[in-house]
Amino acid sequence: METYYDPADLKKFGNISEYQKELADKFFSYYGAVFAEGALTAREKSLIALAVAHTVQCAYCIDAYTNDTLEKGCTEEQMMEAVHVAAAIRGGSSLVHSVQMMNKVKQVSM
Amino acid sequence: MKSLKASGHPFAHAATQIELLEKQAATQPRPTFRSKLQSADLFPLRPAGLDVLQINVGKMCNQVCKHCHVDAGPDRKEIMTRETMQHCLDVLAKTTIPTVDLTGGAPEMNPDFRWFVEEIRKLGRHVMVRCNLTIIVANPKYNDLPDFFRQHQVDVVSSLPFYNADKTDRQRGQGVFQDSVKALRLLNAVGYGQPGSGLTLNLVYNPAGAFMPGPQASLEQQFKRVLLSEFEIVFNSLFAITNIPISRYLDYLVASGNYDNYMDKLVTAFNPAAATGAMCRTMISVGWDGQLYDCDFNQMLDMPLRAPGRHIRDFNADELMQRTIAVNEHCFGCTAGAGSSCGGTTA
Ligand code: SF4
Ligand code: SF4
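Chains R and D are the protein sequences, given in the same order. Add 551 to the 1-based position in the first sequence for the numbering used here, that's all there is to it. Add 377 to the 1-based position in the second sequence for the numbering used here, that's all there is to it.
Listed below in structure tokens is the structure:
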């Protein structure tokens with residue numbers, strides 16, 4: 552069955568430079584620098600990326616950072632906790648906005 | 378679980394494995410190992426020295442790990458005889474090869490193992506043993522192995538695929554982690570891995586699945602931190618090893634539908650520096666029956682060494698140094714990323 556997502560497309564990410572090389576080169580060099588060891592370890596960054604991948608619900612990124620966190624020695628428990636962090640912020644950000652709803656209710660109610 | 382051989386699996390035959398490796402290489406849009414070496418100006422691969430004689434003293438093992446490239450297990454009866462060991466000692470006596478790397482199976486299960494170690498040490502050679510840890514606690518007759526290793530100043534190199542029971546047991550069998558912890562404590566107790574003891578205990582990490590190992594230094598840090606804080610275990614270095622797509626690991630890759638993806642990853646990560654540092658360039662591998670090979674992986678694939686003397690009886694160092702190394706698609710496992718060898722990364 553044909554679908555919009557093909558796992559093989561992930562490997563073709565680099566091909567984006569075919570249409571605009573300069574910007575792609577800048578992006579990939581920036582990307583590499585972001586994920587290098589720094590004040591945060593590459594392993595910590597990989598777990599953050601895994602969480603963000605679930606927030607943006609990008610199938611490519613989930614695939615890539617599941618592999619990457621496994622390679623960097625993360626446990627399944629750590630990976631799931633990272634996703635829960637994403638879920639908590641997502642859920643929390645909905646819920647904290649309910650204060651606005653409450654404010655509005657109070658404003659327009661007798 | 379049984380070995381591939383005992384269960385009559387097609388991959389018990391090296392020729393079937395090679396056929397699959399080559400067929401896949403021919404039908405997929407992937408460069409072959411040979412073409413990658415050619416483009417890096419490294420073909421044919423040639424020896425750079427002779428630092429290690431790696432001797433596989435038999436395929437018998439108390440474990441049946443899912444990824445085992447030897448297809449070892451309790452049902453394997455191939456064991457090196459004392460006569461073949463004597464041929465190895467003769468070679469050591471007439472050469473200056475500094476290090477002997479004893480592997481298996483579980484090398485300690487060979488009835489002549491201790492005698493062999495003593496004789497090699499009498500020749501003044503450095504000995505390392507690939508000890509699977511659980512053998513130490515598998516039977517009372519092996520409980521004194523840590524002391525035996527200490528007496529003979531043997532380096533211990535032991536597989537521990539992860540610092541928790543879940544991942545370790547999934548790869549190596551139920552209860553293996555717990556027994557490994559017991560064995561590591563016994564090794565620590567006689568001084569192995571302890572600072573200043575001069576007794577080296579190195580651990581080997583290999584991924585429990587179809588992915589590559591991450592950076593060795595970071596994995597070592599994690600292992601050291603968790604093993605010390607949770608189990609009071611210390612060790613010297615961690616070697617991060619890439620799983621080579623042969624034997625039981627090849628079976629796992631094919632059966633789980635991961636083969637193509639895994640090979641793509643290895644090929645994409647081909648690193649000429651890792652190929653330059655491939656362990657086959659500085660070692661000779663001896664099979665349980667005395668046959669010589671470029672490495673333990675080629676041994677398991679029955680890939681003959683390209684020199685006139687192919688048996689330890691006919692060992693000729695000069696001729697061996699002139700040979701070309703036999704390669705095939707499985708070699709991508711040694712050359713991906715930071716490289717992989719029996720001593721960890723190579724690039
Ligand atoms: S990987 Fe090592 S311990 Fe496991 S079955 Fe093979 S030889 Fe034995
Ligand atoms: S598999 Fe053996 S022959 Fe091939 S690169 Fe690795 S060590 Fe060398």
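For each residue, glycine too, the CB sits at the ideal point set by N, CA and C.
- For residue 662 of chain D, the beta-bridge partners assigned by DSSP are D:431 and D:670.
- Think of a sphere of 9 Å around the beta carbon of residue 554 of chain R: no beta carbon from chain D falls inside it, the nearest being about 18 Å out.
- Going by DSSP, residue 587 of chain R is part of no beta strand (DSSP E) at all; its letter is neither H nor E.
- Within chain D, not a single residue places a beta-carbon under 8 Å from that of residue 572 of chain R; the smallest gap is close to 20 Å.
- Residue contact with chain D for residue 593 of chain R: present (Cβ-Cβ distance below 8 Å to some residue of chain D).
- Three or more Cβ pairs closer than 8 Å define a contact, and the segment 612 to 623 of chain D meets that threshold against the segment 580 to 596 of chain D.
- In the structure shown, residue 439 of chain D falls within a coil segment according to DSSP collapsed to helix, strand and coil.
- Chain-ordered, the chain R residues with CB closer than 7 Å to the CB of residue 591 of chain D read 622, 623 and 624.
- Look at the beta carbons and you see the segment 617 to 636 of chain D touching the segment 440 to 452 of chain D: at least three pairs across the two are nearer than 8 Å.
- Annotation for residue 672 of chain D indicates a beta carbon at 7 Å or more from all heavy atoms of ligand 1.
- The C-beta of residue 548 of chain D comes no closer than 8 Å to any C-beta of chain R.
- Closest by C-alpha distance to residue 703 of chain D, out of D:391, D:457, D:412 and D:422, is D:422.
- Close to chain R, meaning a Cβ-Cβ distance shorter than 9 Å, are the following residues of the segment 641 to 673 of chain D: 641, 642 and 645.
- Secondary structure note for residue 605 of chain R: its alpha helix (DSSP H) is the uninterrupted segment 593 to 606.
- From the listed residues D:669, D:722 and D:610, the smallest Cα separation to residue 700 of chain D is found for D:669.
- For residue 595 of chain D, the uninterrupted alpha helix (DSSP H) run begins and ends at 593 to 608, by DSSP.
- Placement of the Cβ of residue 508 of chain D at a distance of 7 Å or more from every heavy atom of ligand 2 is found.
- Spanning the alpha carbons of residue 544 of chain D and residue 528 of chain D requires a straight line of approximately 33 Å.
- Remark: three or more beta-carbon pairs, one from each stretch, lie closer than 8 Å, so the segment 509 to 520 of chain D and the segment 546 to 560 of chain D are flagged as touching.
- Of all residues in the segment 396 to 407 of chain D, none places a beta-carbon less than 9 Å from a beta-carbon of chain R.
- DSSP places residue 507 of chain D within a strand segment (E or B) once states are collapsed to three.
- In this structure, residue 593 of chain D keeps its C-beta atom at 8 Å or more from the C-beta atom of residue 540 of chain D.
- Cβ-Cβ separation between residue 595 of chain D and residue 592 of chain R: approximately 7 Å, consistent with a contact (criterion under 8 Å).
- Bridge pairing for residue 579 of chain D: D:534 [DSSP].
- Residue 378 of chain D counts as exposed, since fewer than 16 other beta carbons sit within 10 angstroms of its beta carbon.
- Going by DSSP, residue 616 of chain D is part of no alpha helix (DSSP H) but of the beta strand (DSSP E) stretching over 615 to 617.
- Judged by the Cβ position, residue 708 of chain D qualifies as a neighbour of ligand 2 at the 7 Å threshold, a heavy atom of the ligand being closer than this.
- Boundaries cannot be given for residue 611 of chain D, as no alpha helix (DSSP H) includes it and DSSP labels it neither H nor E.
- Annotated three-state conformation of residue 456 of chain D is strand, per DSSP.
- Shown here for residue 659 of chain D: same chain residues with a beta carbon closer than 8 Å to its own, the five before and five after excluded, namely 424, 425, 426, 427, 428 and 429 in chain order.
- Contacts with chain R at 8 Å (Cβ-Cβ) include residue 595 of chain D.
- Closest option to residue 457 of chain D, judged by alpha-carbon separation, among D:655, D:524, D:492 and D:415: D:492.
- Neighbours of residue 599 of chain D across chain R, judged by C-beta separation under 7 Å: 624.
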